[in-house]
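Using the numbering used here, the letters of the sequence shown map in sequence onto residues 1260 to 1731. Notes follow the structure.
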Amino acid sequence: MKHVSDANATPDPRRWMALVILLTGAFLPPLDFFIVNVALPSIREDFRASASTMQLIISGYAATYAVMLITGGRLGDLYGRRNVFMAGMVGFAVASALCGFAWSPLALIVGRVLQGFAAAIMAPQALASINAIFPDHEKSKALSFYALTFGLASMAGLFLGGALIALNILGLGWRAIFLINLPIIAIAAPSAFIMLQETRSEQPSKLDLGGALLIALALLALVAPLIEGREQGWPIWSIVTLAASLPIFLLFWRHEKYMELAGRDPILAPSLLQNRGLMHGLLAALFFYALAAFWLIFSVYQQGGLGRTPFKAGLAILPAAVGFVLGPFASERVLRVFGRFSAGIGMVLQAVGLFGTAALISNGLPQLLFVALFLIGAGQGIALPNLVKSIVQRVDRSQSGLASGLVNSMLQIGGAFAAAIIGGLFFSILGSATDIQSIGRAYSVAATTIAICLLVAGWLSVSLASTKPSRP
């Protein structure tokens, strides 16, 4: 099997076939995050589990995934993205089997943590490999398919979870939502070995274990309280842990500066972050994924305010799903017209859609939401590939995995912040009220806050576009 360094990489004639396999690896992690939400009532009934146990089933996966993404991306740079992608995929299959055959809530939580770990190893290799194997003139199209996959995974999770439980295949019930990963990976993993060209850094070195441990601890101290704190009413441990994240980040930074000055290979070179454009891009990604809170508040409005079932609430977001599908296909045309400002245009469309939902719901016109929802989906489909491309082109191809891990990690952290802060704002305004007017009022304030975050992300992406890419 051919192995190439990024510096000498030539276009692989099988790259479009390889893209299908890479997108499978990009599809599974967000799918398995969203699909579990639909199955939680069935899991709780089966195990007679507590609410805190149910939260751990979600947060165990989400926290591990967010914490390990940077390290996962760097592993691909050092040891080969195809090899690490396959290892992550096999690990994801094993963890999915453990979840599917879990005999207790603890076994399921362990399986979910392992799923998150394997997903963080697998997912960054998809984006990094796209950056490495596709020439610049094809990269926008490939990234549009990546954005489409990312969006469809979110939508599919909401529909597929309900469908699998309703079908009750072989009497598996909720277990099918995990076991369905096995036949997919059974096809994708061997195909990856055959079709993927191995790519890696031109000068691979040993993994910075100290840096990997410190960044994992720092991100865990940041993300875990954000995910668990609001659900538990911000207990003292969450405040202490959140405060501890800053000194751990500072310790990580000092360690990385020492490693770089000593001529070693840090997991995240401080000189890399001196690139102003890269920092603007990562901050844009942080604010961009405030949209993650939208699905939470919109679901509460649909089910709590309008009294819809989870399945009907899922149907209500179909206009956004259509936008997700069409947005990436329009992305290249938008890029030709607006150039480097395309990501900002997509984010403005999302903000307009969110302002639209707030206005319609506050005025009691939910039947007209489909237009605003379509704008939200289409905007994300346009913004995501262009934002990702503008960020990853700021680093050398030898660090594509690191860039991919950074982008994905910022998206996950942004989603966690949004769920904690904007979700907290929504529930604070709502209080104990359950009537549709109160839910609509809380929704409108939260949706407006998300729209403002997207406008900030759009402004940052414009600042990013105004600075020239400077690769090492």
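Glycine is no exception: its CB is placed at the ideal position from the N, C-alpha and C atoms. Values in this document were obtained by computation on a predicted structure and should not be read as measured data.
* Asked: Along the chain, where does the alpha helix (DSSP H) that runs through residue 1500 open and close?
  -> Bounds of the alpha helix (DSSP H) holding residue 1500 are 1495–1520.
* Asked: Using the beta-carbon count (16 or more within 10 Å), is residue 1496 buried or exposed?
  -> Per the 10 Å Cβ criterion, exposed.
* How many angstroms separate the CA atom of residue 1289 from the CA atom of residue 1358? -> Across the structure, residue 1289 and residue 1358 are spaced so that their CA atoms are roughly 16 Å apart.
* Can you tell me the Cβ-Cβ gap for residue 1597 and residue 1407, rounded? I've got them flagged as a contact below 8 Å. => Contact doesn't hold; Cβ gap of about 19 Å is too wide.
* To do: Apply the 10 Å Cβ neighbour rule to residue 1703 and answer buried if 16 or more other Cβ atoms are within range, or exposed otherwise.
  => Answer is buried; the Cβ neighbour count reaches 16.
* Just how far apart, CA to CA, sit residue 1607 and residue 1538? -> Taking the Cα positions, residue 1607 is about 21 Å away from residue 1538.
* According to the neighbour-count rule (16 or more other Cβ atoms, all chains shown, within 10 Å of its Cβ), is residue 1342 buried or exposed? -> Buried.
* Find out if the Cβ-Cβ distance for the pair residue 1393, residue 1274 is shorter than 8 Å. => It is a contact, given that the beta carbons lie within the stated cut-off.
* Which first and last residues belong to the alpha helix (DSSP H) in which residue 1393 is found? -> Under the DSSP assignment, residue 1393 falls outside any alpha helix (DSSP H); it carries neither an H nor an E label.
* To do: Determine, using beta carbons only, whether residue 1385 and residue 1282 come nearer to each other than 8 Å.
  => Closer than 8 Å, so yes.
* **Three-way DSSP call (helix, strand, coil) for residue 1308 in this model** => Assigned with DSSP and collapsed to three states, residue 1308 falls in coil, not helix or strand.
* Quick one: Cα of residue 1457 to Cα of residue 1559, how far? -> If I take the Cα positions, the gap works out to 45 Å.
* Nearest candidate by alpha-carbon position, reference residue 1525, set 1484, 1360, 1483 and 1473 -> Closest option to residue 1525, Cα to Cα, is 1473.
* **Candidates 1467, 1374 and 1321, of which the one nearest residue 1336 by Cα** => Of the listed residues, the one whose Cα sits closest to residue 1336 is 1467.
* Please determine, among 1518, 1561, 1599 and 1425, the residue with the shortest C-alpha to C-alpha distance to residue 1722. => Checked all of 1518, 1561, 1599 and 1425; the closest Cα to residue 1722 is 1599.
* Asked: Which first and last residues belong to the alpha helix (DSSP H) in which residue 1654 is found?
  -> Here residue 1654 belongs to no alpha helix (DSSP H), and DSSP marks it neither H nor E.
* Three-state secondary structure assigned by DSSP to residue 1622 -> Coil.
* Going along the chain, which residues of its own chain have a beta-carbon closer than 7 Å to the beta-carbon of residue 1716, five neighbours each way excluded? -> Counting only Cβ-Cβ distances below 7 Å, and skipping sequence neighbours, we find 1543, 1546, 1547 and 1606.
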